[in-house]
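Here this note's numbering is used: the first residue of the sequence shown is 1068, the next is one more, and so on.
Take a look at the structure set out below.
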Amino acid sequence: MSSDTNIATVDRYGNIYGVAAGECTVTVTSTSNSAVYAEVKVKVKAEVTELTYIDGILIANKTYALPKTYAPGWNTEGAAQLNVMFAAAQTEGIYLKMQSGYRSYTDQYIIYNDYVARDGQAAADRYSARPGHSEHQTGLAFDLTTTYYNGLWEGFADTPEGKWVAENCHKYGFIIRYPKEKEHITGYMYEPWHVRYIGVEKATAVYESGLCLEEYLNITSSYS
Ligand SMILES: [Zn+2]
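Quick look at the structure:
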């Protein structure tokens, strides 16, 4: 039974269902022995309904989620700047391509749950966002690789392409979103391939600060 059925209910099999945001206690009693029971503290989080902008930058990290229904598709300005950057790189003998970009809430739900099934949640949370928390859902994040390799790997940082991106992407409005040795702040492992479009002026300021975006904006990134 539930201490507050306006918040959560429980069926005869012990399955718990959220009704509205709040906290309550659910008690499940053994059908064979009423002296055996479990008391479970249940927290139902409020559904995210609004976008969070800080200093004009749309935030999607472990603290700030996007609404489930937010589905902007590819950001046209970001995608156009990516092409400008690729063309500029090519004139210097740097061969970049995009491996992935926009992902819907549902796409992320499927991907994340596959990783959890494979590696467990703690490990998955280091490299994959929970649905609603992925920057790819903003349409402003892109995963890059070289034209001669398919896939995303940490060694990208040591390729001519990876080095070029780290040194130049801010000139086109991008930042390396999950820099090396910032996992305790961004909440994600080093991803030299993941760039986020925030515009040239802001990207240049972040690049010159040497800070990751969370430090630069003085915000957290952790699941509550
Ligand atoms: Zn990515």
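Every residue, glycine too, gets a C-beta built ideally from N, C-alpha and C.
Using the C-alpha atoms, what's the distance from residue j back to residue i?
i: Thr1226; j: Val1109; result: 48 Å
i: Glu1114; j: Tyr1131; result: 12 Å
i: Leu1284; j: Val1232; result: 22 Å
i: Ser1288; j: Lys1247; result: 16 Å
i: Val1267; j: Gly1254; result: 25 Å
i: Met1256; j: Ile1074; result: 36 Å
i: Ser1070; j: Tyr1239; result: 55 Å
i: Asn1150; j: Ile1242; result: 15 Å
i: Ser1195; j: Tyr1182; result: 8 Å
i: Tyr1137; j: Gly1145; result: 17 Å
i: Gly1222; j: Met1165; result: 16 Å
Can you tell me whether residue i is buried or exposed? The criterion is at least 16 other CB atoms within 10 Å of its CB, across all chains shown.
i: Ile1161; result: buried
i: Tyr1120; result: exposed
i: Arg1244; result: buried
i: Gly1140; result: exposed
i: Gly1229; result: buried
DSSP on residue i, reduced to helix/strand/coil?
i: Leu1278; result: coil
i: Ile1177; result: helix
i: Val1115; result: coil
i: Met1152; result: helix
i: Lys1269; result: helix
i: Thr1287; result: coil
Taking 8 Å as the threshold, find out whether the region 1191 to 1200 comes into contact with the region 1164 to 1175 through three or more Cβ pairs. Flag = yes, the region 1191 to 1200 and the region 1164 to 1175 touch.
Every unbroken alpha helix (DSSP H) within the region 1205 to 1264, with a cutoff of 4 residues, ordered by chain: For the region 1205 to 1264, whole alpha helix (DSSP H) runs of length 4 or above, ordered along the chain, are 1227 to 1235, 1250 to 1253.
Could you tell me whether the region 1117 to 1136 touches the region 1269 to 1285, where touching means 3 or more Cβ pairs closer than 8 Å? Because the criterion of three Cβ pairs below 8 Å is met, the region 1117 to 1136 and the region 1269 to 1285 touch.
On the three-pair Cβ rule with 8 Å, is the region 1204 to 1213 touching the region 1261 to 1268? In the pairwise beta carbon analysis, the region 1204 to 1213 is classified as touching the region 1261 to 1268: at least three pairs are separated by under 8 Å.
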